[in-house]
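Enquirer: Heads up: the sequence shown begins at 1 in UniProt numbering, then just goes up one per residue. The structure's right below; bear with me while I get my questions together.
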Amino acid sequence: MEKKRSPFDIVGQLETLRRYARSLVRNADEAEDLVHDALVRAYEHESSFRRGANIRNWLLSIVHNTHIDRIRRARSQTRRVEAAAQVTEQAAPADQDHAVRLRQVREAFFALPEEQREALHLVAMEDLSYQEAADALGIPVGTLMSRISRAREKLRNFEDQAGAAKGGHLRLIGGADNEKR
């Protein structure tokens with residue numbers, strides 16, 4: 001018996017959507033719920049997908065917009081901060097120093113304002129071009145570049161503070177800002 005296939009296949013995009021959702025909500029269970037809700041919306045609005053367009057960017061936009069809608073409904077900053085702490089505690093450390101450093105980097109990343117965290121995640125973690133990330137977020141490329149630059153600067157400041165306190169070193173890679181180091 002042959003199953004009816006959807007005109008577009010999202011299975012290959014699931015890991016990307018999950019990673020992006022985890023970076024937005026900072027909790028694996030909430031990320032799964034967010035991806036589920038976004039995929040329901042995608043299927044409900046399948047007709048709005050332009051054939052030949054990039055399905056990954058379209059789905060990332062839906063995840064992003066679903067997340068924004070959830071924030072507007074929930075209005076609960078406390079819950080999101082608690083979820084971030086829980087995810088950080090659940091990280092599996094390779095060794096003690098590495099685990100401490102990884103936790104510090106995650107905390108610094110999650111401490112970034114949401115708009116900067118979203119922009120940096122899409123470009124640095126999902127390897128989207130600036131144009132693709134800007135399209136996914138529904139913002140101009142210049143705005144995306146500003147957000148990424150501010151995020152990198154905050155992470156650089158975090159590293160400077162952490163390095164002064166513990167003698168550690170975190171090197172930011174990518175972007176024109178890197179040449180200043």
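We treat Cβ as the ideally placed atom computed from N, Cα and C, and that holds for glycine.
Return the residue from the list Gln116, Arg50 and Leu14 that minimises the CA-CA distance to Leu155.
Expert: The shortest C-alpha separation from Leu155 is found at Gln116.
Enquirer: Quick check: what's the CA-CA separation for Ser76 versus Glu114?
Expert: Residue placement at Ser76 is flagged as unreliable, the pLDDT there being 48, under the threshold of 50; the coordinate-derived value follows with that caveat. If I take the Cα positions, the gap works out to 14 Å.
Enquirer: Between which two residues does the alpha helix (DSSP H) harbouring Arg19 extend?
Expert: Element bounds for Arg19: Leu14 to Val25.
Enquirer: Quick one: is Asp160 buried, meaning 16 or more other Cβ sit within 10 Å of its Cβ, or exposed?
Expert: Asp160 should be labelled exposed.
Enquirer: Which ranges does the alpha helix (DSSP H) cover as unbroken runs of at least 4 residues, wholly within the region 102–156, from first to last along the chain?
Expert: Taking only runs of at least 4 residues, the alpha helix (DSSP H) segments lying wholly in the region 102–156 are 114–120 and 130–137.
Enquirer: Drop a sphere of 10 angstroms on the beta-carbon of Gln131, count the other beta-carbons inside from all chains shown, and report buried for 16 or more, exposed for fewer.
Expert: Its Cβ having fewer than 16 others within 10 Å, Gln131 is exposed.
Enquirer: Please list, in chain order, all residues of the same chain as Phe49 whose beta carbon is under 6 Å from its beta carbon, the five residues on each side excluded.
Expert: Cβ within range, chain order: Trp58.
Enquirer: Please confirm whether Ala151 and Ala119 have their CB atoms less than 8 Å apart.
Expert: Cβ atoms of Ala151 and Ala119: closer than 8 Å.
Enquirer: Say yes only if the C-beta of Thr143 is nearer than 7 Å to one or more non-hydrogen atoms of the ligand FMN, and no if none qualify.
Expert: The model depicted lacks the ligand FMN and carries no ligand whatsoever.
Enquirer: State the start and end residues of the unbroken alpha helix (DSSP H) segment that holds Glu46.
Expert: Counting along the chain, Glu46 falls outside any alpha helix (DSSP H), and DSSP gives it neither H nor E.
Enquirer: Quick check: the Cα distance between Leu17 and Ser146, rounded to an integer number of angstroms?
Expert: Rounded to whole angstroms, Leu17 to Ser146 spans 24 Å at the Cα level.
Enquirer: If contact is defined by three or more beta carbon pairs under 8 Å, each pair taking one atom from either stretch, is the region 31–43 in contact with the region 61–70?
Expert: Yes, the region 61–70 is in contact with the region 31–43.
Enquirer: Who are the near neighbours of Arg41 in its chain, counting only those whose CB is closer than 7 Å to its CB and skipping five residues on each side?
Expert: The answer, listed in chain order, is Ile62 and Thr66.
Enquirer: State yes or no: is the C-beta of Val123 within less than 8 Å of the C-beta of Ala133?
Expert: Yes, these two residues count as a Cβ contact at 8 Å.
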